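Asks:
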């Protein structure tokens with residue numbers, strides 16, 4: 001057994017033969033017809049969760065496609081249009097500063113989101129453990145970046161949108177007399193407004209299509225709601241997960257259940273998920289009945305077969 005893991009004894013009431021010391025699936029002695037029905041249930045849930053699991057990747061790719069052009073345009077503009085102003089109150093200096101900080105902020109935000117996404121989905125156990133232990137820190141960083149975005153957008157509204165009201169003569173013309181820097185700042189500032197309007201326009205257009213085609217919107221909503229209700233794991237899936245008895249050692253590893261935040265105690269039933277994470281059986285069973293993903297790493301248990309678990313286990317031993 002891995003020296004970094006606690007001693008977890010196999011429960012006498014759990015299923016027989018286990019295939020790996022930490023990543024195993026309890027295989028019940030069932031007839032072929034029952035096993036075929038279980039496989040159908042797993043395949044059905046796999047289809048239900050495919051869109052959900054791809055959503056984070058889709059969102060971060062869309063964010064990258066939106067942010068990278070802003071970074072490139074701002075960097076190139078600053079490189080060729082950077083000016084030194086003796087008057088610190090110059091509006092052109094403030095616009096130049098706004099574009100610079102905006103470029104840095106977008107770069108930091110995009111880099112942070114990619115790092116978090118990689119940490120959540122990497123196969124390296126140490127990285128995932130670090131991510132799990134510092135979840136609150138990551139949330140605080142994301143919140144700080146969001147506040148910075150809001151504050152800097154307000155400053156941009158004042159410096160760029162209202163520059164026409166400045167007492168400076170032709171204030172938007174900077175340095176060499178061109179309006180390039182002001183125009184770049186204007187378009188960088190307008191992008192968030194356009195993004196905010198996209199969902200509204202989507203809903204408006206969709207509503208128009210529904211009205212014109214006579215599509216039964218109530219039936220569609222009912223179907224989507226039924227899919228939402230089916231996102232939890234079935235009892236058959238939960239029963240196939242390994243159930244053990246916990247016995248702590250001097251080498252503490254995940255000493256508490258991240259669902260109820262209580263420490264594991266001697267002889268408590270522990271449920272092991274295919275991703276190596278373990279929780280109180282009562283806690284995680286209730287969780288899985290609502291959402292068939294690991295509470296810690298979000299790996300979907302309905303998409304992890306026995307052969308995949310063996311591959312994960314083999315990889316963990318070499319990391």
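Residue numbers (full-length UniProt numbering): 1 to 319.
Yeah, the Cβ is synthetic: ideal placement off N, Cα and C, and Gly gets one too.
Quantities reported herein were computed from a predicted structural model and do not represent experimental measurements.
Below 8 Å CB to CB, which residues in the same chain sit around residue 71 once its five sequence neighbours on both sides are set aside?
Replies: On the chain shown, position 71 is the one that residue 71 refers to. Cβ neighbours of residue 71 beyond the five flanking positions: 103, 106, 107, 110.
Asks: Straight-line CA distance for residue 282 to residue 148?
Replies: Taking the first residue of the chain shown as position 1, residue 282 is located at position 282. Taking the first residue of the chain shown as position 1, residue 148 is located at position 148. Distance between the alpha carbons of residue 282 and residue 148 is about 41 Å.
Asks: Exposed or buried, which one is residue 325 when buried takes at least 16 other CB atoms within 10 Å?
Replies: Past the edges of the chain, shown from 1 to 319, lies residue 325, and the structure says nothing about it.
Asks: Please say whether residue 272 and residue 278 have beta carbons closer to each other than 9 Å?
Replies: The residue given as residue 278 occupies position 278 in the chain shown. The residue given as residue 272 occupies position 272 in the chain shown. Yes. Within cutoff.
Asks: Where do the N-terminal and C-terminal ends of the alpha helix (DSSP H) with residue 238 fall, by residue?
Replies: Translated into positions along the chain shown, residue 238 becomes position 238. Unbroken alpha helix (DSSP H) run through residue 238: 235-239.
Asks: Starting from the C-beta of residue 153, find all residues in its chain whose C-beta is less than 8 Å away, skip the five residues before and the five after it, and write them out in chain order.
Replies: Walking along the chain shown from the start, residue 153 turns up at place 153. So the list reads 189, 192, once near-sequence residues are dropped.
Asks: Please report the straight-line C-alpha distance between residue 259 and residue 146, rounded to a whole angstrom.
Replies: Taking the chain shown and counting its residues from 1, the one referred to as residue 259 is at position 259. Taking the chain shown and counting its residues from 1, the one referred to as residue 146 is at position 146. So the alpha carbons of these two residues sit roughly 27 Å apart.
Asks: Beta strand (DSSP E) containing residue 270: first to last residue?
Replies: Position 270 of the chain shown, counted from the start, is the residue given in the question as residue 270. Here the beta strand (DSSP E) through residue 270 covers 269-272.
Asks: Assuming residue 158 and residue 182 are in contact, meaning their beta carbons sit under 8 Å apart, how far apart are those beta carbons, in whole angstroms?
Replies: As a position in the chain shown, residue 158 is number 158, starting the count at 1. As a position in the chain shown, residue 182 is number 182, starting the count at 1. No, residue 158 and residue 182 are not in contact; Cβ-Cβ is about 14 Å, not under 8 Å.
Asks: Using the C-alpha atoms, what's the distance from residue 255 back to residue 262?
Replies: The residue labelled residue 262 in the question sits at position 262 within the chain shown. The residue labelled residue 255 in the question sits at position 255 within the chain shown. Cα to Cα, residue 262 sits roughly 9 Å from residue 255.
Asks: Does DSSP put residue 244 in a helix, in a strand, or in coil?
Replies: Position 244 of the chain shown, counting from 1, holds the residue named residue 244. Strand.
Asks: What does DSSP give as the partner residues of residue 279 in its beta bridges?
Replies: Position 279 of the chain shown holds residue 279. Its beta-bridge partners are 271.
Asks: Among residues of its own chain, excluding the 5 on either side of residue 201, which ones have a beta-carbon nearer than 8 Å to its beta-carbon?
Replies: The sequence position of residue 201 within the chain shown is 201, counting from 1. Contacts found: none.
Asks: Cβ of residue 99 within 9 Å of Cβ of residue 78?
Replies: Your numbering for residue 99 matches position 99 in the chain shown. Your numbering for residue 78 matches position 78 in the chain shown. Cβ atoms of residue 99 and residue 78: closer than 9 Å.
Asks: Classify residue 90 as helix, strand or coil using the three-state DSSP reduction.
Replies: In the chain shown, counting from the first residue as 1, residue 90 sits at position 90. Note: residue 90 maps to coil in three-state DSSP.
Asks: Identify whether residue 263 lies in helix, strand or coil by the three-state DSSP scheme.
Replies: Here residue 263 corresponds to residue number 263 of the chain shown, with the count starting at 1. Strand, per DSSP.
Asks: Helix, strand or coil: which one does DSSP assign to residue 300?
Replies: In the chain shown, counting from the first residue as 1, residue 300 sits at position 300. Three-state DSSP puts residue 300 in a strand.
Asks: Taking 9 Å as the cut-off, decide whether the C-beta atoms of residue 289 and residue 233 are in contact.
Replies: One-based indexing of the chain shown puts residue 289 at position 289. One-based indexing of the chain shown puts residue 233 at position 233. In this structure, residue 233 lies closer than 9 Å to residue 289 by Cβ.
Asks: Cα-Cα, which of 144, 162, 117 is closest to residue 60?
Replies: Start at 1 with the first residue of the chain shown, and residue 60 comes out as number 60. For the residues 144, 162, 117, the minimum Cα distance to residue 60 belongs to 117.
Asks: Where does residue 156 land, buried or exposed, given buried means 16+ other C-beta within 10 angstroms?
Replies: By one-based count along the chain shown, residue 156 stands at place 156. The residue in question, residue 156, is buried, as its Cβ has 16 or more Cβ neighbours within 10 Å.
Asks: Helix, strand or coil: which one does DSSP assign to residue 179?
Replies: Residue 179 sits at position 179 when you count from the first residue of the chain shown. Three-state result, residue 179: coil.
Asks: Note down the Cα distance separating residue 209 from residue 91, rounded to an integer number of angstroms.
Replies: Looking up residue 209 in the chain shown gives position 209. Looking up residue 91 in the chain shown gives position 91. Those two C-alpha atoms are separated by around 47 Å.
Asks: Have a look at residue 205 and residue 57 and give me their C-alpha separation to the nearest angstrom.
Replies: For this step, residue 205 is matched to residue 205 along the chain shown. For this step, residue 57 is matched to residue 57 along the chain shown. Roughly 26 Å separates the two Cα atoms.
Asks: Measure the CB-CB distance between residue 296 and residue 275 and report whether it falls below 9 Å.
Replies: Working through the chain shown from its first residue, we reach residue 296 at position 296. Working through the chain shown from its first residue, we reach residue 275 at position 275. Taking 9 Å as the Cβ cut-off, residue 296 and residue 275 qualify as a contacting pair.
Asks: With burial defined as no fewer than 16 other Cβ atoms inside 10 Å of the residue's Cβ, what is the status of residue 94: buried or exposed?
Replies: Translated into the one-based positions of the chain shown, residue 94 becomes position 94. Buried: at least 16 other Cβ atoms inside 10 Å.
Asks: Give the straight-line distance between the Cα atoms of residue 101 and residue 135, rounded to the nearest whole angstrom.
Replies: For the purposes of this step, residue 101 is taken as residue 101 along the chain shown, with counting starting at 1. For the purposes of this step, residue 135 is taken as residue 135 along the chain shown, with counting starting at 1. Those two C-alpha atoms are separated by around 27 Å.
Asks: Can you name, in chain order, every residue of its own chain whose Cβ lies under 7 Å from the Cβ of residue 73, other than the five neighbours on each side?
Replies: Here the question's residue 73 lines up with position 73 in the chain shown. So the qualifying residues of the chain are 184.
Asks: Output needed for residue 267: all residues of its chain with C-beta closer than 6 Å, excluding positions within five of it in sequence on either side, in chain order.
Replies: The count along the chain shown starts at 1 and reaches residue 267 at position 267. Hits under 6 Å: 245.
Asks: Near residue 293, which residues of its chain fall below 6 Å by C-beta distance, leaving aside the five closest residues on each side in sequence?
Replies: Stepping through the chain shown from its first residue, residue 293 is reached at position 293. Result list for residue 293: 300, in chain order.
Asks: Would you list the residues sitting across from residue 293 in a DSSP beta bridge?
Replies: The residue labelled residue 293 in the question sits at position 293 within the chain shown. BP columns for residue 293 point to 300.
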